[in-house]
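The listed protein sequences derive, respectively, from chains F and Z.
In terms of my numbering, the first sequence is numbered consecutively and its last residue is 1176.
In terms of my numbering, the second sequence is numbered consecutively and its last residue is 368.
Where a beta carbon is used, it is the ideal one built from N, C-alpha and C, also for glycine.
Inspection log for the structure reproduced underneath, given as structure tokens.
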Amino acid sequence: MNDIPGDLKFLKSHEWARMEDDGTVTVGISDHAQGQLGDLVYVELPSLGDSVDAGNACAVVESVKAASDVYSPVSGSIIKVNEALADKPETINEDAFGDGWIFRVKPTNPAEMDELLTPDDYAEQIENDSN
Amino acid sequence: MTQRTVLNNAHRRLGARMVDFGGWDMPLNYGSQIDEHHQVRRDAGMFDVSHMTVVDLRGDHVRAFLRHLLANNVDKLRKPGKALYTCMLDEGGGVIDDLIVYFLDESFFRVVVNAATRAKDLAWITAQAAAFGVGVAERRDLAMIAVQGPNARERVHALVHPAERAQVEKLARFSACEAGALFIARTGYTGEDGYEILVPVHLAEELWDKLLAVGVKPAGLGARDTLRLEAGMALYGQDMDQTTTPLEAALGWTLALDPPERDFVGRTALESQLLTGVGRQMIGLVLDEKGVLRHGQRVITARGDGEVLSGTFSPSIGKSIAFARVPAGDPGAVLVEIRGRGLPVRVVDLPFVRDGKVRV
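In structure tokens:
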């Protein structure tokens, strides 16, 4: 079960990050994470312009079952948020790695991307978690 | 040691996400718990509730025993098959468990108690039963499937043997009958019509598959929780326990203080609480803003702070709802603290949803 796009990097806490062509970083939660949370009913988005530090909480996803912080994989400022999630949080359940993206960061230190887990490392982690 | 119901393989075949629930390996959902919720509100769904504890009580003095054991009055049960929801209290009036008791005949009553409280309930019931010469027998040979929803009954009727169908069809609400090997009760924990069916363990999977074949869809514990909360039904361990009396848990309607000479366990404590005043109450809350009310959140009222007991997102309403325990009296404008912010909530009468209709 490895449907993880190869261009993503991960935090252990199940956020994904993708370096876009324009040098910004798109962030979401993994398909595994949405499956663990179950039906999402609410997403608390960061505000545009907020500065975020790598590893700090800056959004919240809430399912029927639980609330979960979303940590930013990189430091920088929020330049875009996925406003469509306000009305359709279930988009994350349906397409966690695509339309279910949560926010986009203009990174202050792009090298932080190198410290994240590769898709293979992440796949191995979730495999271990389920054992 | 995790326990499994006899339907465990059936759940896994249906792709259920399994979770540990009070020591039982149970299905949380089979995909989307919100879809399963709507399925029960709009059509028919089924739950494996075989983890619950069925106890048969037999003896010449079983009615007298239950008059003593239970806070509701089994003398309301006169017609064989009739059921009663009640709390079982300790001497201090604290809730040991909530349960359903069925009257079958003058020497035979059946109770269904919670799974998580099994050991303490059996110990308590057995200890109390001794003086009445009542035999206490747990029925681990029975599985239990709850079929719930506006179309649940007709789906079940199609599966009942023709010779027994008429008596099942005419079952009144909160009554049960035997139908072949099945014990069928028109009860539930969703706020919808339907049945809870006790079935011998060796026939359970066959019944489950037959229900699937007539269009009853499986639903997990996730949907069960949102359904019962919308229906205003308390969950033992979360909404009340041995540190609360029924009067503090919106369960005063289950107490039978008449006749005054019925000396049930906890009666003295309840009477004294009524005289000195009940300090806490359980209320229903709706959050109109975005966010989800959850167990343990602080509730700020004009009379002081309380806390959220059960809280969830209500799929029928599209907003978050909760039960909260707060100081007695008019709570005034109420706030719930979510991640450091006080959000205004509405205090509403329970239930939130009845027979498929939103009431708040």
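task = Check residue 1089 (chain F) in the structure and name its three-state DSSP category.
result = Looking at residue 1089 (chain F) - three-state DSSP - the assignment turns out to be strand.
query = Using Cβ-Cβ distances below 8 Å, what residues of the stretch 299-313 of chain Z are close to chain F?
reply = In summary, the residues of the stretch 299-313 of chain Z whose CB is separated from some CB of chain F by less than 8 Å are 299, 300 and 302, in the order they occur in the chain.
message = Strictly below 9 Å CB to CB, what residues from chain F border residue 182 (chain Z)?
response = The premise fails here: residue 182 (chain Z) is roughly 29 Å from chain F at the closest Cβ pair, so nothing lies under 9 Å.
Whether residue 262 (chain Z) touches residue 91 (chain Z) by CB criterion (8 Å) = Contact: no.
Neighbourhood of residue 1046 (chain F) by C-beta distance below 6 Å, restricted to the same chain and skipping five residues each side = Here residue 1046 (chain F) scores only 42 on pLDDT, less than 50, and its place in the model should not be relied on; the value that follows carries that caveat. The answer is none, since no qualifying residue turns up.
ask   = In chain order, what residues of the stretch 1076-1103 of chain F put their CB closer than 8 Å to some CB of chain Z?
value = Listed by position along the chain: 1080, 1083, 1084, 1086, 1087 and 1089.
Within chain F, partners of residue 29 (chain Z) - CB distance below 8 Å = Scanning chain F for C-beta atoms nearer than 8 Å to the C-beta of residue 29 (chain Z) yields nothing, as the closest lies near 13 Å away.
request  = Please confirm if the stretch 28-47 of chain Z is in contact with the stretch 220-230 of chain Z, defined as three or more CB-CB distances below 8 Å between the two stretches.
outcome  = Judged by Cβ distances under 8 Å, the stretch 28-47 of chain Z makes contact with the stretch 220-230 of chain Z, as three or more pairs qualify.
message = Under 8 Å, Cβ to Cβ, is there at least one residue of chain Z near residue 1067 (chain F)?
response = For residue 1067 (chain F), no CB of chain Z lies under 8 Å from its own CB, so it is not counted at the interface with that chain.
inquiry  = residue 30 (chain Z) and residue 171 (chain Z) - do their beta-carbons sit closer together than 8 Å?
reply    = In this structure, residue 30 (chain Z) does not lie closer than 8 Å to residue 171 (chain Z) by Cβ.
ask   = Would the beta-carbon of residue 1168 (chain F) fall within 8 Å of that of residue 1076 (chain F)?
value = In this structure, residue 1076 (chain F) does not lie closer than 8 Å to residue 1168 (chain F) by Cβ.
key: Contact list for residue 198 (chain Z) against chain F, beta-carbon separation under 7 Å   = For residue 198 (chain Z), there are no C-beta contacts with chain F under 7 Å, since the nearest C-beta of that chain is about 15 Å from it.
inquiry  = Can you check whether the C-beta of residue 1107 (chain F) is within less than 8 Å of a C-beta belonging to chain Z?
reply    = Yes, contact with chain Z.
request  = Show which residues of chain F have a CB atom less than 9 Å away from the CB atom of residue 10 (chain Z).
outcome  = Chain order gives no chain F residues near residue 10 (chain Z), where near means a beta carbon separation below 9 Å; the closest approach is about 15 Å.
key: Same chain, Cβ closer than 8 Å to residue 338 (chain Z), five either side skipped, listed in chain order   = Cβ-Cβ distances below 8 Å link residue 338 (chain Z) to 310 and 311 in the same chain, with the five nearest sequence neighbours on each side left out; the list follows chain order.
request  = Would you check if the distance between the CB atom of residue 1123 (chain F) and the CB atom of residue 1093 (chain F) is smaller than 8 Å?
outcome  = Yes, the Cβ-Cβ distance between residue 1123 (chain F) and residue 1093 (chain F) is below 8 Å.
request  = May I ask you to check if the CB of residue 26 (chain Z) is nearer than 7 Å to at least one heavy atom of the ligand SAM?
outcome  = By its list of ligands, the structure shown contains no ligand whatsoever, and the ligand SAM lies outside what it can speak to.
key: Three-state class that DSSP yields for residue 1046 (chain F) in the structure shown   = Here residue 1046 (chain F) scores only 42 on pLDDT, less than 50, and its place in the model is too uncertain to base an answer on.
ask   = With residue 314 (chain Z) and residue 332 (chain Z) assumed to form a contact (beta carbons below 8 Å), what rounded beta-carbon distance in angstroms separates them?
value = Rounded, the Cβ-Cβ distance is 5 Å, consistent with contact.
inquiry  = In whole angstroms, give me the CA-to-CA distance for residue 1147 (chain F) and residue 1130 (chain F).
reply    = Take the alpha-carbon of residue 1147 (chain F) and the one of residue 1130 (chain F): they are about 8 Å apart.
request  = Taking residue 321 (chain Z) as the reference, give the member of Z:303, Z:308 and Z:334 with the closest Cα.
outcome  = Comparing Cα positions, the closest option is Z:303.
task = Check whether the Cβ of residue 1112 (chain F) lies closer than 8 Å to any Cβ atom in chain Z.
result = So, interface residue.
ask   = Given a threshold of 16 other Cβ atoms within 10 Å of its Cβ, counted over all protein chains shown, does residue 1051 (chain F) qualify as buried or as exposed?
value = Exposed, by the Cβ-count rule.
message = Counting C-beta neighbours from all protein chains within 10 Å, is the total for residue 188 (chain Z) 16 or more, i.e. buried, or is it exposed?
response = Note on residue 188 (chain Z): under 16 other CB atoms within 10 angstroms of its CB, so exposed under the neighbour-count rule.
inquiry  = Counting only Cβ pairs nearer than 8 Å, list the residues of chain F close to residue 291 (chain Z).
reply    = Neighbours of residue 291 (chain Z) on chain F: none; closest Cβ ~22 Å, over 8 Å.
request  = Anything in chain F within Cβ reach of residue 245 (chain Z), meaning under 9 Å, just list it in chain order.
outcome  = By Cβ distance, chain F contributes nothing, its closest Cβ being about 17 Å from residue 245 (chain Z), past 9 Å.
query = What are the residues of the stretch 310-335 of chain Z that lie near chain F, defined by any Cβ-Cβ distance shorter than 7 Å?
reply = So the list reads 320 and 321, given in the order they occur along the chain.
task = For chain F, find out if any of its Cβ atoms is closer than 8 Å to the Cβ of residue 47 (chain Z); answer yes or no.
result = Nearest CB-CB separation between residue 47 (chain Z) and chain F: not below the 8 Å threshold.
query = With DSSP run on the structure shown, which of helix, strand or coil describes residue 205 (chain Z)?
reply = Residue state, collapsed to three classes: strand.
request  = Enumerate, from N- to C-terminal direction, the unbroken alpha helix (DSSP H) stretches of 4 or more residues contained entirely within the stretch 197-244 of chain Z.
outcome  = Listed in chain order, the complete alpha helix (DSSP H) runs (minimum 4 residues) inside the stretch 197-244 of chain Z are 209-221 and 229-238.
inquiry  = Can you pull the chain F neighbours of residue 37 (chain Z), defined as C-beta to C-beta under 7 Å?
reply    = Counting only Cβ-Cβ distances below 7 Å, residue 37 (chain Z) has contacts in chain F at 1083, in chain order.
inquiry  = Between the stretch 19-26 of chain Z and the stretch 155-170 of chain Z, can you find at least three pairs of beta-carbon atoms closer than 8 Å?
reply    = No, they do not touch.
ask   = Could you give the uninterrupted runs of the alpha helix (DSSP H) lying entirely in the stretch 257-315 of chain Z, keeping only those of 4 residues or more?
value = 275-284, all fully within the stretch 257-315 of chain Z.
ask   = Given residue 327 (chain Z), which residues of its chain have a CB within under 7 Å of its CB, disregarding the five upstream and five downstream residues?
value = Close CB contacts of residue 327 (chain Z) within its chain, under the 7 Å cut and outside five residues either way in sequence, are with 294, 295 and 296 (chain order).
query = Can the beta-carbon of residue 1117 (chain F) be found less than 8 Å from the beta-carbon of residue 1099 (chain F)?
reply = Contact: yes.
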